[in-house]
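**Student:** Counting in our numbering, the sequence shown runs from 91 upward without gaps. Idealized CB from N, CA, C, for every residue including glycine. Sharing a structure below in structure tokens format, with a few things to ask.
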Amino acid sequence: MAEQNCIFCQVVVGEIAADVIYTDERAVAFRDINPQAPVHALVIPREHMDSLDDASGRDEGLLGHLLRVAARVANAEGLSESGYRTVINTGAGAGQSVFHLHLHVIGGRPLNWPPG
Ligand code: AMP
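Right, here's the structure in full:
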């Protein structure tokens, strides 16, 4: 169910334009509007979920699917050799700014560890 005023729900239905690079019946991937690396994509479920904290047992299949889509996107973007990072920020204190679950797929430059 779409959540009112959720920008990523609006991306899913096409109300907000995005540079979409992958879609299927459960997920959408698009380029981040403020990229932190040469490749920076977001993978989201079509169904609204505020954050990883909202996932229940019945969402396990969906979560696995999102991870597989992240890998597919990363490989399609040419990151299989160099590697890539998938990040899920959960909660404002961890840097979450959009409260529709999303996986960042980041790569194309050296990535430091630990992250800031
Ligand atoms: P987070 O801070 O983990 O919640 O990540 C939210 C991400 O969404 C940020 O990297 C933003 O740059 C990105 N973002 C926000 N609005 C849009 C948009 N309309 N299209 C693409 N990316 C967006």
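(1) For the beta strand (DSSP E) containing Val129, list its first residue and its last residue.
(2) Would DSSP call Gly154 helix, strand or coil?
(3) Could you say which of Pro128, Val101, Asn124 lies nearest to Leu201 if we only look at CA atoms?
(4) For Ile97, name the three-state secondary structure that DSSP assigns.
(5) At what residues does the beta strand (DSSP E) containing Thr113 begin and finish?
(6) Given a cut-off of 7 Å on the beta-carbon distance, is the pair Phe120 and Ala108 in contact?
**Tutor:** Short version:
(1) As a position in the sequence shown, residue 129 is number 39, starting the count at 1. Run containing Val129: 129-135, per the beta strand (DSSP E) assignment.
(2) Counting from one through the sequence shown, the residue named residue 154 turns up at place 64. Here Gly154 sits in helix by DSSP.
(3) Locating residue 201 in the sequence shown gives position 111, counting from the first residue. It is Pro128 whose Cα lies nearest to the Cα of Leu201.
(4) To locate residue 97, count along the sequence shown from 1; it is residue 7. Three-state result, Ile97: helix.
(5) As a position in the sequence shown, residue 113 is number 23, starting the count at 1. Looking at the DSSP string, the run of the beta strand (DSSP E) that includes Thr113 is 110-113.
(6) As a first step, residue 120 must be located in the sequence shown, where it is residue number 30. As a first step, residue 108 must be located in the sequence shown, where it is residue number 18. Yes.
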